[in-house]
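Here is the structure we will look at.
2 protein chains.
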Amino acid sequence: MTGQPLATDVFSAISAPARRAILSRLATSEMPMQKLAESFDMSLPAVSQHLAVLKGAGLVSVRKAGRQRIYKLNAGPLEDVANWVQEYEKFWTGKMAALGDYLKENP
Amino acid sequence: MTGQPLATDVFSAISAPARRAILSRLATSEMPMQKLAESFDMSLPAVSQHLAVLKGAGLVSVRKAGRQRIYKLNAGPLEDVANWVQEYEKFWTGKMAALGDYLKENP
DNA sequence: CGAACATTTAAGTGATTGCTTAAGTATAAT
DNA sequence: ATTATACTTAAGCAATCACTTAAATGTTCG
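Sequences listed follow chains A and B, in order.
Using the numbering used here, the first residue of the first sequence is number 1, and each one after it goes up by one.
Using the numbering used here, the first residue of the second sequence is number 1, and each one after it goes up by one.
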């Protein structure tokens, strides 16, 4: 058995700039490989492989249409990233609030 | 010249689970390597190397205190991640709103 | 059917990663 | 000064990565 989709972590899926670029492109609209690949200075297999990783992370879905494969953004898993980063948001937005709290408790 | 800090991309800095764990640990409080390393099932050099990557991404800062190095979270660069992911937020939160808008414009 | 097309899978490669152990460098304690 | 402490840097290694070209797999069209 050669094996299935091979689930990848969403964080490492988005770590490659090329893959973020692909997501960004798909955010405008779903499209077939061919058209998607036009945007990038990369061989078709390279794009296909990136897509496989994104698919493994659940970030894109594919639909067959004749001999084409239409790729579509599936942003759902990015919510994990949003939730993760939100935990740290207080460290940069809360600076003033934190100072206020400190001064309140240490007048 | 062996070279400087070597700036790393914040996205790849946070792609490694070990590094996210380190950030999480540092979010509770700043601490010296020694104490930080206790939390992990990893050699000291391994932690040190992860820290170097995080430092390269500007996610931690170091301060010398005697022979110790006190590491401190610097969440600032995570704002880039937050901003990036926010661009996609509409794709999972806005489903209903988007449908509403669509129906409004295409009654 | 056979040729053209859209895409994936395979195979190979150089670079990078995540770790390890061993050796170095600074600072502090005796 | 010597030795212990707290770390970093170096060297090495197996695994993974991001690509490439070449070959294979559907799928449509003439």
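No residue lacks a Cβ here, since even glycine has one placed at the ideal position from N, Cα and C.
Check: Per-residue contacts from alanine 82 of chain A into chain B (C-beta, under 7 Å); Outcome: Val85 and Glu89
Check: Cβ-based burial, alanine 13 of chain A [other Cβ within 10 Å; buried from 16]; Outcome: buried
Check: Proximal residues, the stretch 39-68 of chain A versus chain B, C-beta separation under 8 Å; Outcome: none
Check: Segments of 3+ residues assigned as beta strand (DSSP E) that fall wholly inside the stretch 35-83 of chain A; Outcome: 60-65 and 68-73
Check: For methionine 31 of chain B, the residue or residues it bridges with in DSSP; Outcome: B:Tyr71
Check: Secondary structure of isoleucine 22 of chain A, DSSP reduced to three states; Outcome: helix
Check: Pair within 8 Å by beta-carbon distance, arginine 88 of chain A and leucine 54 of chain B; Outcome: One detail in the question is off: residue 88 of chain A reads as tyrosine in this sequence, not arginine. Contact flag unset, no.
Check: Assigned secondary structure, alanine 16 of chain B (DSSP; H/G/I helix, E/B strand, else coil); Outcome: coil
Check: C-beta contact flag for valine 81 of chain A and tyrosine 71 of chain A at 8 Å; Outcome: no
Check: Distance CB(valine 85 of chain A)-CB(valine 85 of chain B) smaller than 8 Å; Outcome: yes
Check: Any C-beta of chain B under 8 Å from that of alanine 18 of chain A; Outcome: no
Check: Residue-chain proximity (isoleucine 22 of chain B, chain A), Cβ-Cβ < 8 Å; Outcome: no
Check: Proximity test, Cβ basis, 8 Å: alanine 7 of chain B and chain A; Outcome: no
Check: Cβ shell of threonine 8 of chain A (< 6 Å), same chain only, five flanking positions each side left out; Outcome: Val53, Gly56 and Ala57
Check: Interface residues of chain B facing serine 12 of chain A [CB-CB closer than 7 Å]; Outcome: Ser15
Check: 8 Å Cβ cutoff, alanine 27 of chain B in contact with chain A; Outcome: yes
Check: Assigned secondary structure, threonine 8 of chain A (DSSP; H/G/I helix, E/B strand, else coil); Outcome: coil
Check: Nearest residue (CA-CA) to alanine 18 of chain A, options A:Ala37, A:Thr28, A:Leu6 and A:Lys64; Outcome: A:Ala37
Check: Beta-carbon proximity check, methionine 33 of chain B vs arginine 69 of chain B, cutoff 8 Å; Outcome: yes
Check: Leucine 6 of chain B vs leucine 73 of chain B beta-carbon contact at 8 Å; Outcome: no
Check: Distance between proline 45 of chain A and alanine 75 of chain B (C-alpha atoms, nearest Å); Outcome: 37 Å
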